[in-house]
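Following: one structure in structure tokens, then a few remarks.
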Amino acid sequence: MSTHPHTNLFTQVDRTKDPDFFVRFMDEAQKPPAIQASKRLMLERIALAPGEAVLDIGCGPGTDVFDMVELVGPAGRLVGLDASEVMIAEARRRTKELHVPITFEVGEVQALPFPDGTFDVCRAERLLEHLPDAERALTEMVRVTRPGGRILVFDFDWDTLIIDHPDRETTRTMVLSYSDSIRNGWIGRQLPRLFKEQHVEVLSIDLVQVFVHYALAELFLGSHLAVLQTYGTLSAGRAQQWWEYLQQADEHGTLLISFTAFIIVGAKS
29 MSTHPHTNLF
39 TQVDRTKDPD
49 FFVRFMDEAQ
59 KPPAIQASKR
69 LMLERIALAP
79 GEAVLDIGCG
89 PGTDVFDMVE
99 LVGPAGRLVG
109 LDASEVMIAE
119 ARRRTKELHV
129 PITFEVGEVQ
139 ALPFPDGTFD
149 VCRAERLLEH
159 LPDAERALTE
169 MVRVTRPGGR
179 ILVFDFDWDT
189 LIIDHPDRET
199 TRTMVLSYSD
209 SIRNGWIGRQ
219 LPRLFKEQHV
229 EVLSIDLVQV
239 FVHYALAELF
249 LGSHLAVLQT
259 YGTLSAGRAQ
269 QWWEYLQQAD
279 EHGTLLISFT
289 AFIIVGAKS
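Letter by letter, the sequence shown follows residues 29 to 297 in the numbering used here.
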């Protein structure tokens, strides 16, 4: 089981004991094939054109910004923004020798440091689930997008988490408590409504089933299992037994853990 920080601390990365853990987590979270496929789908849905200006909010170490460089070309503008100085420092380090039109800035999505209508495209991936005010964040995304520009949000609905495990009671405890530990654990199902409330025309909604490998499960479920033990929700013995089954399932090639991601794209009116 993991002793890493809980993933609900993404809004406090720089104040945790191990901020570099969150960089490693984001790199590991890129690996599932469904995540890779969803990234290709997102690029297809937003249909970037040469010369466009793009804002990636919650950019982390900048992985997704790199993928858009060729699409916007030398006349385009790519800005990655994150609340974490650690994340922005890592993003800058990774692009230092690339000589590409990318800038990275530290900033808060609830108060974006850009004038109205600055960007052709504004995107946020796996961000709103962690924020204290997701609606305010979306309002800001709409504000800095030009009329007719596109807004993309990718996020999970954590009540869709499924784990193949014979201990149904403990598994249900894990699933529901993990979903409740995420500030906006139901954000996936709420996105279509939130877009419409912002008067953003919904262009597409895609659902992606994400299957999780053991190393990633250890990072987010392992840390949560430790929290449940700390608060007495699960005994150490019961938690250990539950986790050992996942380890054995992974060794036998039968591990199945998945959840559903929502990808929604809209146009600002």
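The C-beta atom is built at its ideal place from N, Cα and C for all residues, glycine as well.
All of these numbers come straight from a predicted model, not from anything done at the bench.
Boundaries (first-last residue) of the alpha helix (DSSP H) holding residue i
i: residue 92; result: 91-95
i: residue 208; result: 196-209
i: residue 234; result: Per DSSP, residue 234 belongs to no alpha helix (DSSP H); it is in the beta strand (DSSP E), 228-239.
i: residue 245; result: 242-258
i: residue 267; result: 264-280
i: residue 213; result: That residue, residue 213, is in no alpha helix (DSSP H); it is neither H nor E in DSSP.
Terminal residues of the beta strand (DSSP E) in which residue i lies
i: residue 186; result: 173-191
i: residue 59; result: Run containing residue 59: none; DSSP gives neither H nor E here.
i: residue 153; result: 147-153
Cβ distance (whole Å) where residue i is taken to contact residue j below 8 Å
i: residue 214; j: residue 187; result: 6 Å
i: residue 156; j: residue 181; result: 6 Å
i: residue 285; j: residue 191; result: 5 Å
i: residue 231; j: residue 294; result: 6 Å
i: residue 159; j: residue 212; result: 7 Å
i: residue 106; j: residue 85; result: Not confirmed; about 12 Å, so no contact.
i: residue 262; j: residue 201; result: 7 Å
i: residue 178; j: residue 134; result: Contact flag wrong, Cβ pair sits at about 25 Å.
i: residue 222; j: residue 203; result: The Cβ separation is near 24 Å, so there is no contact.
i: residue 57; j: residue 283; result: Incorrect: roughly 17 Å between the Cβ atoms, too far for contact.
i: residue 241; j: residue 59; result: 7 Å
Neighbourhood of residue i by C-beta, 8 Å cutoff - its chain only, sequence neighbours within 5 removed
i: residue 69; result: 234, 236, 291
i: residue 199; result: 191, 193, 270
i: residue 144; result: 171, 172
i: residue 174; result: 145, 146, 147, 148, 296
i: residue 264; result: 257
Minimum Cβ-Cβ distance from residue i to chain C less than 8 Å
i: residue 211; result: The structure shown contains no chain C; it is built from a single protein chain.
Per DSSP, cross-strand counterpart(s) of residue i
i: residue 294; result: 179, 230
i: residue 134; result: 110
i: residue 81; result: 105
i: residue 288; result: 185, 237
Cut-off 6 Å between Cβ atoms - residues of its own chain near residue i, not counting five sequence neighbours on either side
i: residue 267; result: 253, 257
i: residue 206; result: 252
i: residue 47; result: 41, 114
i: residue 83; result: 107, 147, 150
i: residue 51; result: 89, 118
i: residue 120; result: 132
i: residue 130; result: 93, 106, 123
i: residue 216; result: 183, 184, 185, 290
i: residue 227; result: 297
i: residue 142; result: 172
Close Cβ partners of residue i (< 7 Å) along its chain, the five nearest in sequence each way excluded
i: residue 78; result: 100, 101, 103, 104
i: residue 39; result: 111, 158, 159
i: residue 219; result: 181, 183, 290, 292
i: residue 81; result: 104, 105, 146, 147, 148
i: residue 62; result: 236, 237, 238, 239
i: residue 164; result: 138
i: residue 281; result: none
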